[in-house]
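*Asks:* Dropping the structure in here first, questions after.
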Amino acid sequence: MLKKLVEFKIGETGLIKKVEGEGRLRRRLFDMGVTPGAKVYLRKKAPLGDPLEVTIRGYELTLRKSEAELVVLEVEDAK
Amino acid sequence: MKRFALAGNPNCGKTTLFNSLTGSTAHVGNWPGVTVEKRSGTYKKLEEHVSIIDLPGIYSLSPYTNEEVISRNYILDEHPDCVINIIDATNLERNLYLTTQLLEINVPLIVALNMMDVLDKNGDRVDVNALEKKLGVPVVAISALKEDNLDELMKRAYEASKSPREGKTIITNKDVLHLIKDVQIAFKGKGVEDPLFHAIKLVENDELEVSNHKDLLPMVEDFKKTFSDDTFGDDFEAIIADSRYHYISDNYASVMKRAETPEQKDVVVKTSKSDKIDKVLTHRVFGLIILAVILFFVFHLTFSEDLFYIGAIRGAAGLEEWAPSFEGSIYEGLFWTGGGINSPGVILFNFFDMSFSAITDSLSGVMSANLGEELAWLTGFVCDGVLSGLFAILGFLPQILVLFLFFSIMEDTGYMARVAFILDRIFRKFGLSGRAFIPMIMGFGCSVPAMINTRTLADDKERTATIRVIPFFSCGAKLPILVAIAGGMVMHFGFPHPDLIVYGMYVLGVIVALACVLLMRNTTLKGDAAPFIMELPEYHWPQFRSLMIHLWDKAKHFVKKAFTIILASTIVIWFLSNFGWNWMYIGEMEGSILESLGQFIQPIFTPLGFGAQLSVAGWVFAVAAITGLIAKENVIATFSVLAAVFVSGFEGTAEGVEEAVIMIANTGITWQGCISFIAFNMFTIPCFAAVASAKAELPKGQFKWTLLFWVVASYLASASIYSLLNLFPTNKIDSETGLIISPYYDGQLAWAIPVSVSIIAICVLSVFAIKWWNARKAKEAN
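As they're listed, the protein sequences go chains A and B. Counting along the first sequence from 1, when you hit position 47 you're at 47 in my numbering, and nothing is skipped either side. Counting along the second sequence from 1, when you hit position 43 you're at 1043 in my numbering, and nothing is skipped either side.
This is the structure:
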């Protein structure tokens, strides 16, 4: 099932299928390892609900919901 | 001398390695043109001395942040003799992404596999030889922290620097490679250095490359039309980023041997110590509360004169007699204020303050005893002009360093990144990212370190806006102005709560700051909040050594400034306030050049409430505000000097309250004027040290606008405050005689309303005008 990262629930894992957006923002996402094929685990949300914290390529990355909107993933079944 | 550049991801231990390699030889200098610091030092253990250049931490060589542009340009334009790529061995995958780009440049490269000690502790292994074979460049396993294997690293880097290296790419897609080769040949034909790197970046649609080599674009575009990848279509940016990561994961899974069982290896969810700490510190409910408590303690330990409120508690419990017998001894001023214990920051401040005044006193005693009457000016020059100004500034150094130490610890442990994470949501409403919070809160201590700290902001406009409002977060040196004038107002006008005035002004500062940011981000510094895509590093203990080096850098910077700009300006002010127009030394402000200058500019401040409506002596407020541009401490110091003119035999008081009362009584300033005067000092051009920092930190061309912003903001804010407050005139009436004690300027109300209305109207109109202008420009661009 395809789902945007912003729609993920805490604890869900998925494989990136597509990164939308354009220009520098997209470039930045790529540089930080947010590329198709990478595995993403949504760790938590900030106290006010907005920036998200994910584990990707073995490290912790934070990004806003508006940026998570651009990342489309294939949801992995819970183990 | 050979130059070795250190390149690597942020937080990979680069600075630690730099400090270990160069020891105390490091010096800090500004990178030409760009406001990010470059550090260089010397490594002395090879057959010849080698200069080590510490480049800013970067994730990639694309021009996303200033740091990336600097590192990229340094390597491409300056071609160091060797690039040492530091890689965090605990996070190979992302760190190697930069390595794949560095490989493309024609420069000797060596990989330093750092944090091997942490890896060992986790039981993980990296096959260094296999990695070296695959990359085709030397790989050395080190621990920068434990200083393991550093000599070996440098020896091999030195070897590598002897022979040139041809850039190579890891991209394997035949069609893409074909295009890259074609573009590379075209670049070679143009005589461009590093054709491979430039070719790949151009194919990637890199911003800088596209604008620099427009002529080659058609060739690339033509090719792209004929090309289509199964997954990405003709999205070359994605194809190349993807092929880098593919190459890494295909090749390096075998190099890395994790301690876990194969099943666990795949699980991305780790529960390390770091995660447990994080669970508490970024907790949904407690996260914000913990942040507030930590910040409270940082400021408490730096600025409080009643540590942990012991004095207040003791007073409340009626246990005053329990006070130790320090009272009356020299320790009283050092460790005790009132009944409370001083915080470490205040103890250091007092220590310096006492030593400095002891030096000044003894020197002035010796000088006035030995020099004749004709040379009295010399004593004044040395003691009042040079030393007192210099010591006033240097006296703040310890507190600034203590504040800096706390913030460095927060940064080093990895907590600062979490602070940005927690607060981003709130700050985005004002067009800033969560990272802007730290410089702003530091502003309450001192603007200088706060402005330096804005370097962590990626977006130039965001940075400019933040630097401009930092002085509005009322700093430690502005507090005496607040305390003295609020105290004076209480005594003269009979307000019941001085602390309310002080807190009120602090809050006003924050409100004006946020309003200005909001305004700027919608007008002159327009732009969406910069993206917030940031690594959250693992928590670790701060390293004493790097903290100390950090502090030493800051201290050196500050002292250098104190001895140049600030020294010169204090001498000028001293001269103006002690010499008359006949160029004779008069030794006091009355009749001085400064007085007539003050009288000359006084009318400017009429709409602000401390201009022409005041009596003959009203120029003191104008002069105090001007001397405040050197250092805000000067404001009350000026009051003190002039109070002695009005009341003969007057001796200064510690908090300046008496002085303020004398000023209010003798000039006839209203309470509204007092508030407006405080506001003006809070919002106007900050002290010399802060102005110099702003100049160094602001992007090119923004400094003059920033000065103008401060002048306009302070003038408009104070004028509005004064006019609005004048809608509620209150006077203290003597209960016995029924006479008005405090002077009342007739007709205030009559012009207050039109002035305040027109000021507000002008503000609103100008915002609309700018918005309209922006919209028109945007239309034209379309």
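Quick reminder that beta carbons are idealized off the backbone N, C-alpha and C, glycines included. No experiment lies behind these values; they were computed from the predicted model shown.
Take the Cβ of PRO1603(B) as the centre, count every other Cβ of all protein chains shown within 10 Å, and call the residue buried at 16 or more, exposed below.
*Replies:* Classification for PRO1603(B): exposed.
*Asks:* Can the beta-carbon of PRO1449(B) be found less than 7 Å from the beta-carbon of PHE1404(B)?
*Replies:* Going by C-beta atoms, PRO1449(B) is nearer than 7 Å to PHE1404(B).
*Asks:* Rounded to the nearest angstrom, what separates ASP1459(B) and ALA1530(B) at their Cα positions?
*Replies:* C-alpha separation (whole angstroms): 6 Å.
*Asks:* With distances taken from CA atoms, which of VAL1469(B), TYR1503(B), TRP1581(B) and VAL1285(B) is nearest VAL1483(B)?
*Replies:* The shortest Cα separation from VAL1483(B) among VAL1469(B), TYR1503(B), TRP1581(B) and VAL1285(B) belongs to TYR1503(B).
*Asks:* Roughly how many angstroms lie between the CA atoms of ARG57(A) and MET32(A), to the nearest whole one?
*Replies:* Rounded to the nearest angstrom, the two C-alpha atoms are 9 Å apart.
*Asks:* For ILE1110(B), name the three-state secondary structure that DSSP assigns.
*Replies:* Of the three classes helix, strand and coil, the one that applies to ILE1110(B) here is strand, per DSSP.
*Asks:* Among PHE1335(B), ASP1275(B) and VAL1280(B), which residue has its Cα nearest to the Cα of PHE1303(B)?
*Replies:* Closest option to PHE1303(B), Cα to Cα, is PHE1335(B).
*Asks:* Kindly give me the distance between the Cβ atoms of HIS1540(B) and GLY1414(B), rounded to whole angstroms, as I take these residues to be in contact under 8 Å.
*Replies:* That belief holds up - the Cβ atoms of HIS1540(B) and GLY1414(B) are roughly 7 Å apart, short of 8 Å.
*Asks:* Evaluate the contact criterion for the segment 1603–1615 of chain B versus the segment 1712–1719 of chain B: three or more CB pairs, one atom per stretch, below 8 Å.
*Replies:* The segment 1603–1615 of chain B vs the segment 1712–1719 of chain B: in contact.
*Asks:* Buried or exposed for PRO1218(B), going by 16 or more other Cβ atoms inside 10 Å?
*Replies:* With fewer than 16 Cβ atoms within 10 Å of its Cβ, PRO1218(B) is classed as exposed.
*Asks:* Would you mind reading off the limits of the beta strand (DSSP E) that contains GLY1008(B)?
*Replies:* Element bounds for GLY1008(B): 1002–1008.
*Asks:* Which same chain residues end up closer than 6 Å to PHE1223(B) when comparing Cβ atoms and leaving out the 5 residues on each side of it in sequence?
*Replies:* Excluding sequence neighbours, PHE1223(B) sits near LEU1179.
*Asks:* Does the distance from the C-beta atom of VAL54(A) to that of LEU61(A) stay below 7 Å?
*Replies:* Contact: yes.
*Asks:* Among VAL1691(B), ASN1212(B) and GLU1305(B), which one has its Cα closest to the Cα of ASN1350(B)?
*Replies:* Nearest C-alpha to ASN1350(B): GLU1305(B).
*Asks:* Between which two residues does the beta strand (DSSP E) holding VAL1139(B) run?
*Replies:* Per DSSP, VAL1139(B) belongs to the beta strand (DSSP E) from 1139–1141.
*Asks:* Who are PHE1579(B)'s beta bridge partners in DSSP?
*Replies:* According to DSSP, which records beta bridges pairwise, PHE1579(B) is partnered with TYR1585(B).
*Asks:* So ARG1425(B) contacts chain A; which residues on that side make the cut at Cβ distance below 9 Å?
*Replies:* In chain order: ALA46, PRO47, LEU48, GLY49, ASP50, PRO51 and ARG64.
*Asks:* From what residue to what residue does the beta strand (DSSP E) around GLU12(A) run?
*Replies:* GLU12(A) -> no beta strand (DSSP E), and no H or E assigned at all.
*Asks:* Within the 7 Å Cβ cut-off, does GLU67(A) reach chain B?
*Replies:* With 7 Å as the cut-off, GLU67(A) counts as an interface residue toward chain B.
*Asks:* When the Cα atoms are used, what is the spatial distance from TYR1158(B) to LEU1098(B)?
*Replies:* Cα to Cα, the separation comes out at about 22 Å.
*Asks:* Would you kindly work out how many angstroms separate the C-alpha atoms of ILE1630(B) and ALA1369(B), rounded to a whole number?
*Replies:* Approximately 31 Å between the Cα atoms of the pair.
*Asks:* Should PHE30(A) be flagged as near chain B, meaning a C-beta pair shorter than 7 Å?
*Replies:* Judged by the 7 Å Cβ criterion, PHE30(A) is in contact with chain B.
*Asks:* Cβ of LEU25(A) less than 7 Å from any chain B Cβ?
*Replies:* Closer than 7 Å: yes.
*Asks:* Going by the CB atoms, is the gap between MET1256(B) and LEU1092(B) shorter than 7 Å?
*Replies:* Cβ distance < 7 Å, so LEU1092(B) and MET1256(B) count as in contact.
*Asks:* Looking at VAL1512(B): is its Cβ nearer than 7 Å to the Cβ of PHE1472(B)?
*Replies:* Contact flag set, yes.
*Asks:* Could you tell me the alpha carbon to alpha carbon distance between GLN1748(B) and CYS1674(B), rounded to whole angstroms?
*Replies:* For GLN1748(B), the pLDDT reaches just 49, beneath the cut-off of 50, and the residue's location in the model is therefore unreliable, although a value from the coordinates is still provided. Looking at the two C-alpha atoms, the distance is approximately 15 Å.
*Asks:* Run the CB neighbour count on PRO1262(B), radius 10 Å, all protein chains shown included, and call it buried at 16 or more, exposed below.
*Replies:* In this prediction, PRO1262(B) scores a pLDDT of 42, lower than 50, which makes its location untrustworthy; no coordinate-derived value is stated.
*Asks:* When the Cα atoms are used, what is the spatial distance from HIS1300(B) to MET1451(B)?
*Replies:* Cα to Cα, HIS1300(B) sits roughly 21 Å from MET1451(B).
*Asks:* Which value, in whole angstroms, describes the spacing of the CA atoms of ALA1775(B) and ARG1428(B)?
*Replies:* Going from the Cα of ALA1775(B) to the Cα of ARG1428(B) covers about 22 Å.
*Asks:* Report yes or no: do three or more beta-carbon pairs, one from the segment 1626–1641 of chain B and one from the segment 1700–1712 of chain B, lie closer than 8 Å?
*Replies:* Not touching, per the Cβ criterion.
*Asks:* Where does PHE1768(B) land, buried or exposed, given buried means 16+ other C-beta within 10 angstroms?
*Replies:* With fewer than 16 Cβ atoms within 10 Å of its Cβ, PHE1768(B) is classed as exposed.
*Asks:* Looking at MET1663(B) and SER1474(B), is the spacing between their C-beta atoms short of 7 Å?
*Replies:* No; because the gap between Cβ atoms is not below 7 Å, this pair is not in contact.
*Asks:* Closest Cβ-Cβ distance between GLU60(A) and chain B: below 7 Å?
*Replies:* Chain B, which has a Cβ nearer than 7 Å to the Cβ of GLU60(A), makes this yes.
*Asks:* Would PRO1164(B) be called buried (16 or more neighbouring beta carbons within 10 Å of its own) or exposed?
*Replies:* Exposed: under 16 other Cβ atoms inside 10 Å.
*Asks:* Please compile the residues from chain B whose C-beta is within a distance smaller than 8 Å of the C-beta of VAL19(A).
*Replies:* Simply ALA1238.
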